[in-house]
Amino acid sequence: MSPEISEARALDHLMALLRIEGLSGDEGAVADEVRRRLIEAGWPASAIRHDGAARRLGPNFKVGNLIARLPGRAGGARRMFVGHMDTVPLCRRAVPVRKDGRIVARGATAVRADNRTAVAAIVTAAEALRTSGARHPPLTLLFTIAEEIGLHGAKEVRPADLGRPAMAFNFDSGDPARIIVGAIGATRWEAVLHGRSSHAGMHPEEGVSAMLAAGRAIAELGDRGWFGRIRRGRQAGTANVGIIRGGEATNQVTDLVTVRGECRSHRAAFLTRITAAYEAAFRRAARSVRNVRGQRASVEFRTQSDYRAFRLPESHPAVCTALRAARDLGLHPVTEVVDGGLDANPLVEKGIPTVTLGAGQHGAHSVDEYVDIAEYLAGCRLALRLMTAD
Ligand SMILES: [Zn+2]
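Counting from 1 along the sequence shown, just add 81 to a position and that's the residue number in the working numbering.
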């Protein structure tokens, strides 16, 4: 007989974890609770530890990723289960309450469903696994830090610390029947425009306005279809200018403006093309602004890959395993790709094929966030099935 989860235990784990504060970089209390509950469930304390991610990331990060490893009670390749511990600032001081088939926040906050549903589902499955004595392949549990502010925990994790799993199941979504097999890639950029200051009323012709250059670049990008949703034939992506900082006084021609934004696409080559369009527009705009002496503005343009796009084929063993487990539970799974970054992006980049699944979170990053309890319990069963099934 296949092992079963206890609904009462599943809800106890979830309510306890939903109550704990844990903003990005400050996940210690969440990690302690997870560790305590795993040990209570019979996981050896020596098998649960923090990695060195916090030390590598710097003083704003209090604890590393929490990693638990268990040798197999049968053959098979190592499987990993992932959930991020941190929550967005909108969850601050959240008080979760049960309401009909949901869990919502009592006041005007988000409820931490993103992503404590995942953490609790993994703990629930890990507990049921130990109490049932079921056979299972070698397992790794990875509870990541700082997902919400740039996938930092997953980016910093070292495959050797994880026992080099053959595949991973990341929980960070709602409906457990939606199997996320791919995610978009993103690049951040920064344009630093340099001009020359002069008195804006007495000698404006002596000045080179970095502000004017920034405005021209952004207007040109918009006019040419490189702003917002972007389509070029069959290629698609998005781009945004998110931050402009510059200027000290209204009577001074602006000599320094910094503009920051991001570009996204599922295709790496097209992502490079969008980013190149941004660089070219800022260079043209800087050259176009000059003073009476012929001095021009200049630009330093820097890019940084945020995360790379990936898409696992439907035939990939990780995808097949997830689809089979979902069908075994009576779900009707469908695969999809998403337009946001996930912990799966850096894990795939490190050579760990990762599928992302749901455990009942909805309305993430909004005050309308809630847990769908039926979906959460289905997510717990899916995690347990993936820990034990072939
Ligand atoms: Zn999340």
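A virtual CB, placed ideally from N, CA and C, is assigned to each residue, including glycine.
Taking 7 Å as the limit between beta carbons, can you name the residues of its chain near Ser83, skipping five residues before and five after?
If you ignore the 5 residues before and after Ser83, its C-beta comes within less than 7 Å of the C-beta of Thr469, all in its own chain and listed in chain order.
Quick check: what's the CA-CA separation for Lys180 versus Ile454?
Taking the straight line from one Cα to the other gives about 10 Å.
To which residues of the same chain is Arg187 closer than 7 Å at the C-beta, ignoring the five residues directly before and after it?
Val176 and Val178
With 16 as the cutoff for other CB atoms within 10 Å, does Ile260 come out buried or exposed?
buried
Counting beta carbon pairs with one atom in the region 284-300 and one in the region 191-209, are three or more of them shorter than 8 Å?
no
Look up Gly379 in the DSSP assignment and give the residues it is bridged to.
The amino acid occupying residue 379 in the given sequence is Ser; Gly does not appear at that position. The partner list for Ser379 (beta bridge, DSSP) reads His275.
Take every Cβ of the region 388-401, pair it with every Cβ of the region 431-439, and state whether three or more of those distances are shorter than 8 Å.
Contact between the region 388-401 and the region 431-439 is present, because at least three Cβ pairs lie under 8 Å.
Using three-state DSSP, classify Met283 as helix, strand or coil.
coil
For the structure I just gave you, are there three or more beta carbon pairs, one from the region 413-421 and one from the region 323-333, closer than 8 Å?
Flag = no, the region 413-421 and the region 323-333 do not touch.
Does the Cβ of His217 lie closer than 7 Å to at least one heavy atom of ligand 1?
no
Per DSSP, Phe162 is paired with what?
DSSP, once it has assigned bridges, lists Leu222 and Phe250 as partnering Phe162.
Can we count Glu228 as close to ligand 1, meaning its CB is less than 7 Å from some heavy atom?
yes
Would you mind reading off the limits of the alpha helix (DSSP H) that contains Arg31?
The displayed coordinates of the chain run from 82 to 471. Any statement about residue 31 would go beyond what the structure contains.
Would you say Asp253 touches ligand 1, meaning its beta carbon is less than 7 Å from a heavy atom?
yes
When every heavy atom of ligand 1 is checked, does at least one fall within less than 7 Å of the C-beta of His165?
Checking the 7 Å criterion, the Cβ of His165 is within range of a heavy atom belonging to ligand 1.
Cα-Cα, which of Leu119, Ala128 and Pro427 is closest to Ala209?
Leu119
Measure how close the beta-carbons of His275 and Asp195 come, nearest whole angstrom, since I'm counting them as under 8 Å.
His275 to Asp195, Cβ: 41 Å. No contact.
By DSSP's criteria, Asp453 is part of a beta bridge. Which residues make up the other side?
Arg183
How is Leu210 classed by DSSP in three states: helix, strand or coil?
helix
In this structure, how does DSSP classify Gly188 when only helix, strand and coil are distinguished?
coil
State yes or no: is the C-beta of Glu301 within less than 8 Å of the C-beta of Ala399?
no
Alpha carbon to alpha carbon, how far is Leu220 from Arg116? Give it in angstroms, no decimals.
16 Å
May I ask you to check if the CB of Asp113 is nearer than 7 Å to at least one heavy atom of ligand 1?
no
Do Phe252 and Val163 have their C-beta atoms within less than 8 Å of each other?
yes
Quick check: the Cα distance between Gly106 and Ser369, rounded to an integer number of angstroms?
If you draw a straight line from the Cα of Gly106 to the Cα of Ser369, it is about 43 Å long.
Three-state secondary structure (DSSP) at Phe142?
coil
CA-CA distance, Asp424 and Leu465?
20 Å
Using 8 Å for Cβ pairs, my map puts Cys461 next to Ile86. What's the rounded Cβ distance?
5 Å
Pop quiz: Glu229 and Thr190 are said to be a contact at Cβ under 8 Å. What is the actual Cβ separation, rounded to whole angstroms?
About 15 Å separates the beta carbons of Glu229 and Thr190, which is beyond the 8 Å limit, so they are not a contact pair.
Run through the DSSP bridge pairs and tell me what Phe391 is partnered with.
Ala264
For Asp195, is the beta carbon positioned less than 7 Å from some heavy atom of ligand 1?
yes
Quick one: is the Cβ of Ala445 within less than 7 Å of any heavy atom of ligand 1?
yes
When the Cα atoms are used, what is the spatial distance from Thr319 to His280?
39 Å
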